[in-house]
Amino acid sequence: MFSGIVKRSNPISEKITEDHISKLITNSDAQDKRDRKERSGERYFSLILIVIALIFVGFIIVFLQSNEKLLITIITAILSFIGGFGFGKSFKKQI
415 MFSGIVKRSN PISEKITEDH ISKLITNSDA QDKRDRKERS GERYFSLILI VIALIFVGFI
475 IVFLQSNEKL LITIITAILS FIGGFGFGKS FKKQI
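Numbered by our numbering, the letters in the sequence shown go through residues 415 to 509 in order.
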C-alpha cells in the first residue's frame with residue numbers, strides 16, 4: 415500500500431481577508447495608544463508619590479529637630495525601606 419503525504423493548509427488562513435488584516439492593524443494601533451497612555455499615567459503617579467514622600471520627610475525633619483535621636487531612627491527606617499524596595503524591584507527584573 416502506498417501512503418502519501420498530503421499537505422493540508424490551515425483552514426483559518428484561507429478565511430482571512432484584507433478586511434481582517436486591516437481590522438487587526440487598527441486594533442493594534444489602538445492598543446499601542448492605550449499602552450502609551452497607561453505608561454504616562456504610571457509616570458505621573460510615581461512623580462506624585464515621590465513629591466508626597468519628600469514633603470513627608472521634610473515635615474518630619476522640621477518638626478523633630480528638637481528630638482534628634484528619634485529623628486535619626488525614623489530617617490534610618492525610611493532609608494532602609496527605600497533600600498529594600500529598590501532591591502526588591504531590581505531582583506524582580508533579574509528573574
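We put the CB at the ideal spot given by N, CA and C, even for glycine.
Residue nearest to residue i in terms of C-alpha spacing, selected from the options
i      : options                : result
Thr490 : Gly502, Ile474, Ser480 : Ile474
Residue i and residue j closer than 8 angstroms at C-beta
i      : j      : result
Leu478 : Leu485 : yes
Val471 : Ile492 : yes
Residue i versus residue j: straight-line alpha-carbon distance, rounded
i      : j      : result
Phe459 : Thr487 : 28 angstroms
Asn482 : Leu463 : Position check: residue 482 holds Glu in this sequence, whereas Asn was assumed. For Glu482 and Leu463, the distance between alpha carbons rounds to 26 angstroms.
Ser436 : Glu452 : 24 angstroms
Lys447 : Leu438 : 14 angstroms
Thr431 : Val465 : 52 angstroms
Asp433 : Ser423 : 21 angstroms
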